[in-house]
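Heads up, the sequence shown stops at 951 in my numbering, and the numbers go up one at a time, no gaps.
All C-beta atoms, glycine included, are put in the ideal place defined by N, C-alpha and C.
Note that this is a predicted model, so its numbers are computed, not measured.
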Amino acid sequence: MKFHINMAVVKSQYISQIKTLSLKCGECCYFDISSLNEERYGRLPFSIRVLLESAVRNCDGFQVKSKDVENILDWENNQKQNVEIPFLPARVILQDFTGVPAVVDFAAMRDAVKRLGGEPDKINPLCPVDLVIDHSVQVDVSRSSTALQKNQHMEFLRNKERFLFLKWGSKAFKNMTIVPPGSGIVHQVNLEYLGRVVFNMNNVLYPDSVVGTDSHTTMINGLGIVGWGVGGIEAEAVMLGQAISMVLPKVVGYKLTGQVKPYITSTDVVLTITKHLRQVGVVGKFVEFFGPGVSHLSIADRATIANMCPEYGATIGFFPVDEKSLMYLRQTGRPDETLECVESYLKATKMFRDYSDPDNDPVFSEVVVLDLSTVTPSLSGPKRPHDRVSLSNMKQDFIDCLNNRVGFKGFGIPGEKQSVEIPFTFDGNEYKLSHGSVVIAAITSCTNTSNPSVMLGAGMVAKKAVELGLEVKPYVKTSLSPGSGVVTYYLRESGVIPSLEKLGFHIVGYGCMTCIGNSGPLSDPVAEAIEKGDLVAAGILSGNRNFEGRIHPLIRANYLASPPLVVAYAIAGTTLIDFEKEPLGISKDGKEVFLSDIWPTREELQVVERQYVIPAMFKEVYAKVTTGNPRWNSLEAPDSLLYPWDPKSTYIKHPPFFETMEKELPARESIKDAAILLNLGDSVTTDHISPAGSIARASPAARYLAANGLAPLEFNSYGSRRGNDAVMTRGTFANIRLVNKFIGKAAPKTVHFPSGDTMDVFDASERYREEKRQLIVLAGKDYGSGSSRDWAAKGPWMLGIKAVITESFERIHRSNLVGMGIIPLEYLPGQNAESLGLTGKESYSIEIPDDLKTGQILNVELSDGRSFQAKVRFDTDVELMYFKHGGILNYMIRSMLQ
């Protein structure tokens, strides 16, 4: 079969502005910049070549202009100039926690368009959209052969209404495919099945590219596909054909040299890179990996590194396609014509990479280097993914955390309380818990379950441990939640499943589970012991996030680790162990067993992987990915253009975002005498702003659900209720680990001024609303780091927050605030709330000029007569346009009406 090896259909009006060579192919005329002797193209980073192709392919004179193509082609000069460019990705990918509110918005937009006299069926995805249901299943049951069945049963009981709504969406909207629950984790399914690498649309080829409503969409970068996470609001605009407006990024070249040592895992590599790149500072930049060391990494290794991209702060962590990529496509059962398509197209367009050839290296904004041979066994924690801890120093690091000698990581436990032991009874036996006791050990998350080497490594560690008679304490909540059915397939075929189950690592579900906070309840005796002793209990998980309160509200110390280390710590039962000097346990014949006695080498794992990870299993698993769930198949969803909203529903509710919207632009609104709702510090994450986990029984959201007749067992999680704005508004800033300076300790509370009353955040916002006062949030550095959840912007909008003033924003959250019409402001360099003497008790006024410009400096006037300046973080003219419309979706509705 012959393919057109070209970048886009030529448009004659742009030929004069771009040096091109037209290639005749049948009756059509095409051009391919990379086939020219164009020096600038050959110097471009490979990730920028994908942005260039997108601009060429979508050049229409309106959203994408010829100057945009030229600006990207001249990246080497323009990357330093804050040049704005458009990007239209080839597709969008969603998960259900963010997918449900996206479909809710689409349904509400259809209603708004109809109300305003338009055609509601125009609200429809214009590009392919895949939605994978993977965030709903929880670890209700573990350490049981029936865990999988029971957890999936509970998932459908809790979420039937949400699933019916999504099934309606799959029928009501074109170009939308739903991958049912029980199929796997979105990013692993994307890597193993959905990722195209190269699109073939009517025999015209172009690179796959994607944005997703989950920050770890970057995992697909490991396969050579440019993709990153955006807020749900921004993704919805892309689905409706709107280009992403972005500043042409700098590209950091990350050169890998050497080879990893035999006992090092890919997790050790990624945790090392994550800490290194956080130190380098790559927020808002592309990172592109190159150098001879890349050739020694499998696609699964690269995907692990790319998955953690949000944790080191970059937009993408990109590995261009090479021979290993083609091998992976074969291994995962992609059709032969796909392989032919990918190889031919990418080589013809000079987007195929030879990592070992230094003459093939492009120009980068800067280059940093890592020698893979220097990587040592690692974990990260206890509170942030980039706080890498060497395994050899883990015990001492935890002790330092107790002593509060390590800044942000510390717990500040008084010396006399550091050795406390709390006895408790579990299943008729007596045990003791102390600081550092491991109570959750979870092999979870696409970050590592997509990598056969570390999954088989966990199985081999378990097998050797069981053979020696080692055990896991029965009260430790162990679980195994694979990212796809393929994992179960090769673990079973390699014979390690019985050993994993012997240690309590039964398969509990196919979804994010513990990594997203769906760890389920601890047993009552364990929970009571932790609370009685105010213990810093530990969770060890093979995930990508370990923020405070995320894994479980009672577990304060959470460490990211490779799956084999998860098994090891489950056996040890404590973080207070030095594996190099202390035994993991005692064998059945009375001998000390050290971790090194049961740890496999990379060579051992590669032999097993080659034998058991084969194309046939991928083909078998994914042949039924959209039809293999009988419960899903039996759901009968409504069949209508407009969604029939149920006013009694506590899951799916018509949102208020467009209820008062009119065709005309809203009048400009300045900020006058606004109150400070919250005065926050550094590293406030989107988990703090809009938690995804369990709903506390004393919270405003719980009171709302109880008033609607629900018992606490029916509350489910905030993540599952993102289709209901009443719950989510009450859940905004409801994380129990939120530290508000007005309160001085961790609590989801604030102080109302001038009364001085301490209240739940939602209740305070309601009082301010009654007083007709606008609201502002003050914060420190890295505001909004973490997940790309749109409710971290929608919730503040619902509370009445008009602006957020910080020292710095994380990329995705700033975009989400813009998308909701909230003004992102930054203190001038070197300034913050403390240096300016801001208490947050003042009233704040900000005049917003009619001709507001990107990056403009505004005056902030205080009620006590003082003032300071802040920079507006609208970074592009398109973002300014969204703000004038009251948000990106308002702009899209008005565009549809026109």
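Asked	Found
Please classify Lys530 as buried or exposed, where buried requires at least 16 other C-beta atoms within 10 Å of its C-beta.	buried
Is any non-hydrogen atom of the ligand COA found closer than 7 Å to the C-beta of Asn124, if you look at the structure I gave you?	Within the structure as shown, the ligand COA is missing, as the structure has no ligands at all.
Can you give the Cα-Cα distance for Ile742 and Trp844, rounded to whole angstroms?	8 Å
Rounded to whole angstroms, what is the Cα-Cα separation between Phe216 and Cys565?	17 Å
Rank Ile146, Pro882, Arg196 by C-alpha distance to the C-alpha of Val279 and give the top, closest one.	Ile146
What does DSSP give as the partner residues of Phe371 in its beta bridges?	Glu341
Quick check: what's the CA-CA separation for Ile14 versus Ile789?	Because the chain here runs from 54 to 951, residue 14 falls outside it and cannot be looked at.
So, using beta-carbon positions, are Ala832 and Thr803 closer together than 8 Å?	no
Is it the case that the Cβ atoms of Leu950 and Val925 are separated by a distance below 8 Å?	no
If you run the structure through DSSP and keep just helix, strand and coil, what is Ile667?	coil
DSSP three-state call for Phe921: helix, strand or coil?	strand
Along the chain, which unbroken stretches of the beta strand (DSSP E) at least 3 residues long are found entirely within the stretch 826-906?	828-831, 854-859, 876-880, 897-899
Using 8 Å as the threshold, is the stretch 310-324 in touch with the stretch 354-366, meaning 3 or more CB pairs across them?	yes
Using 8 Å as the Cβ pair cut-off and three pairs as the minimum, do the stretch 692-699 and the stretch 773-792 touch?	no
Which residues share a DSSP beta bridge with Asn482?	Phe479
Give the C-beta separation of Tyr704 and Asn777 to the nearest angstrom, bearing in mind that I take them to be a contact with Cβ-Cβ under 8 Å.	6 Å
On the CB-based measure, 16 or more other CB atoms within 10 Å of its CB, does Ala677 come out buried or exposed?	According to the sequence shown, residue 677 is Lys rather than Ala. Exposed: under 16 other Cβ atoms inside 10 Å.
Taking the continuous beta strand (DSSP E) assigned at Tyr307, which residues delimit it?	304-310
I'd like to know if the stretch 588-608 and the stretch 411-421 are in contact, where contact means that at least 3 CB-CB pairs between them fall below 8 Å.	no
Quick one, which of Thr739, Gly784, Ser736, Gly772 has its alpha-carbon nearest Tyr757's?	Gly784
For His439, which residues of its own chain have a beta-carbon under 6 Å away from its beta-carbon, when the five flanking residues on both sides are left out?	Thr327, Lys328, Arg331, Glu364
Rounding to the nearest angstrom, what Cα-Cα distance links Ile667 and Thr502 in this structure?	16 Å
Less than 8 Å between the beta carbons of Leu432 and Ala160, yes or no?	no
Check this for me: beta carbons of Pro435 and Asn611, under 8 Å apart or not?	yes
Where do the ends of the beta strand (DSSP E) carrying Ile796 lie?	It is not in any beta strand (DSSP E) - Ile796 carries neither H nor E in the DSSP assignment.
Taking C-alpha atoms, which residue in Phe342, Glu287, Gly772, Arg609 lies nearest to Glu932?	Glu287
So what does DSSP say about Tyr528, is it helix, strand or coil?	coil
Given a cut-off of 8 Å, decide if Val153 and Phe218 are closer than it, judged by their beta-carbon atoms.	yes
I need the straight-line Cα distance from Phe84 to Ala779, nearest angstrom please.	Caution is warranted here: a pLDDT of 40 is assigned to Phe84, below 50, making its placement in the model unreliable, and the coordinate value is therefore given only provisionally. Going by the C-alpha atoms only, they are around 52 Å apart.
Tell me whether Tyr771 sits in a helix, a strand or coil according to DSSP, three-state version.	coil
For the stretch 218-268, which segments carrying the alpha helix (DSSP H) assignment without a break, of at least 4 residues, lie completely within its bounds, in sequence order?	239-242
Which of helix, strand or coil does DSSP assign to Ile139?	First, the amino acid is wrong: residue 139 is Pro here, not Ile. Reduced to three states, the DSSP call for Pro139 is strand.
For Pro139, is the classification buried or exposed, using 16 other Cβ atoms within 10 angstroms of its Cβ as the cut-off for buried?	buried
Alpha carbon to alpha carbon, what distance is there between Ser576 and Pro467?	27 Å
Can you check whether the CB of Thr929 is closer than 8 Å to the CB of Thr907?	yes
Are three or more beta carbon pairs between the stretch 503-522 and the stretch 643-654 nearer than 8 Å?	yes
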